[in-house]
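Residue numbers (the numbering used here), protein chains in the order written: chain A, 28 to 138; chain B, 738 to 851.
To keep things clear, I will list the structure first and then write my remarks on it.
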Amino acid sequence: DAKTTQPPSMDCAEGRAANLPCNHSTISGNEYVYWYRQIHSQGPQYIIHGLKNNETNEMASLIITEDRKSSTLILPHATLRDTAVYYCIVRVPSNTGKLIFGQGTTLQVKP
Amino acid sequence: NAGVTQTPKFRILKIGQSMTLQCAQDMNHNYMYWYRQDPGMGLKLIYYSVGAGITDKGEVPNGYNVSRSTTEDFPLRLELAAPSQTSVYFCASSQTGGRNEKLFFGSGTQLSVL
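Spelled out as structure tokens, the structure:
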């Protein structure tokens with residue numbers, strides 16, 4: 028699975044959009060991009076995933092660049108409850124359960 | 738729905754003791770997983786199951802055993818506890834594998850082996 032690079036920490040004002048970048052320059056054609064988050068040592072929570080098209084669900088939007096070498100997770104209106112460690116994961120679908128969590132980005136949402 | 742339920746939440750073991758970490762899900766998911774997370778680190782897959790009666794090793798299976806006799810339950814057994822097994826253990830489930838694999842995690846079991 029491709030390696031990902033994320034900034035170690037970011038701040039965001041409450042109510043503003045949080046844009047979390049992820050670099051995955053060695054991604055291969057069959058690898059998907061997944062985002063999970065972990066709030067204060069709870070179990071990780073699935074957010075969103077995609078292959079090459081932009082994706083949106085009730086939690087967030089995922090923007091993947093055309094060359095697929097990077098992506099951005101967007102939380103449109105961050106709240107204090109969005110404070111968490113966000114993990115960008117790239118994996119081949121056939122690797123069942125294999126989520127290689129890097130260090131992630133610690134997002135601090137401030138009032 | 739309760740989702741994924743893990744018991745116990747905390748446990749202290751002595752070296753050489755055995756225990757079973759319980760995991761149950763009520764979402765009728767076929768896939769279930771066990772992970773461990775060491776302090777400041779990411780999750781590592783211990784074992785997983787794609788259905789009742791089927792289990793397979795993950796990245797770090799040594800020292801652990803699992804069984805999957807029902808769709809709902811996926812217990813993790815530690816036979817001879819060692820200090821290296823001090824960690825937080827997470828159980829997870831998903832409806833399917835492949836590209837749409839979306840894991841739902843339990844709240845974890847914090848295990849200390851002294």
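Heads up, the beta-carbon is just placed ideally off N, CA and C, and yes, glycines get one too.
With burial defined as no fewer than 16 other Cβ atoms inside 10 Å of the residue's Cβ, what is the status of Q754 (chain B): buried or exposed? exposed
CA-to-CA distance, G42 (chain A) to V112 (chain A), given in whole angstroms: 18 angstroms
Contacting residues, own chain, Cβ-Cβ under 6 angstroms from T744 (chain B) (five flanking each side not counted): Q759
Considering only residues of the stretch 803 to 840 of chain B, which uninterrupted beta strand (DSSP E) runs meet the minimum length of 3 residues and lie entirely inside it, listed in chain order? 813 to 815 and 824 to 831
Counting only runs that start and end within the stretch 76 to 132 of chain A, where is the beta strand (DSSP E) found for 3 or more residues in a row? Listed in chain order, the beta strand (DSSP E) elements of length 3 or more contained wholly in the stretch 76 to 132 of chain A are 88 to 91, 97 to 102 and 111 to 118.
Within a Cβ cutoff of 7 angstroms, which residues of the same chain sit near S52 (chain A), ignoring the five residues on either side of it in sequence? K96
Looking at chain B, is there any beta carbon in it that lies within less than 8 angstroms of the beta carbon of P34 (chain A)? no
Taking the straight line between their C-alpha atoms, what separation do you get for A819 (chain B) and L851 (chain B)? 8 angstroms
Report buried or exposed for R805 (chain B), applying the criterion of at least 16 other Cβ atoms within 10 angstroms of its Cβ. The residue is buried, with at least 16 neighbouring Cβ atoms inside 10 Å.
CB contact below 8 angstroms: K839 (chain B) versus chain A: yes
For L848 (chain B), name the three-state secondary structure that DSSP assigns. Looking at L848 (chain B) - three-state DSSP - the assignment turns out to be strand.
Does the beta carbon of G753 (chain B) come closer than 8 angstroms to any beta carbon on chain A? Taking CB atoms only, G753 (chain B) has no neighbour in chain A less than 8 angstroms away.
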